[in-house]
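Engineer:
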Amino acid sequence: MKKEEILEIKKALANSTRLDILKWLKDPESNFPPHAELGHFDFGVCGQLIQDKSGLSQPTISHYLATMHKAGLVTPTRHGKWTYFKRNEKIIQEYITEITDNL
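Mapping the sequence shown onto the UniProt record's numbering, position 74 (from 1) lands on 74, and the numbers just tick up by one.
#1: What does the alpha-carbon distance come out to for the pair residue 88 and residue 23?
#2: Alpha carbon to alpha carbon, how far is residue 5 from residue 91? Give it in angstroms, no decimals.
#3: Tell me the residue span of the alpha helix (DSSP H) that contains residue 34.
#4: Are the beta-carbon atoms of residue 9 and residue 103 separated by less than 9 Å?
#5: Buried or exposed, going by whether 16 or more other CB atoms sit within 10 Å of the CB of residue 7?
#6: Which word fits residue 28, buried or exposed, when buried means at least 16 other C-beta atoms lie within 10 angstroms of its C-beta?
#7: Is the beta carbon of residue 62 closer than 9 Å to that of residue 47?
#8: State the CB to CB distance for the pair residue 54 and residue 17, rounded to an integer number of angstroms; the pair is presumed to be in contact (CB under 8 Å).
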């Protein structure tokens, strides 16, 4: 993992709400109601549900999710008019390994 990638992830994790979002996405069934149109989390969690749970404005959550996507922590999937977000477990594990092995 490149130094720049590590720094992007650290910046994304330096915000308590973004950290909460990552924790919520680890177990979406326990943290979010099923999406009315799909009823499951195969695509991830709808951005609207993340916004509702956080209590923050749509522009703020969009910015937070964009920051997390730029860092590689989440992957968005567009389905109709909705965007769904999942954790990127591969990048998260690479980050944990990098920190464990080299710090």
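From the three backbone atoms N, C-alpha and C, an ideal C-beta is built for every residue, glycine too. Everything numeric in this text was worked out from a predicted model, so none of it was measured.
Structural biologist: Looking at the atomic coordinates:
#1: 12 Å
#2: Approximately 10 Å, taken between the alpha carbons.
#3: Unbroken run through residue 34: none, as it is neither H nor E.
#4: no
#5: Its Cβ having fewer than 16 others within 10 Å, residue 7 is exposed.
#6: buried
#7: Contact: yes.
#8: 6 Å
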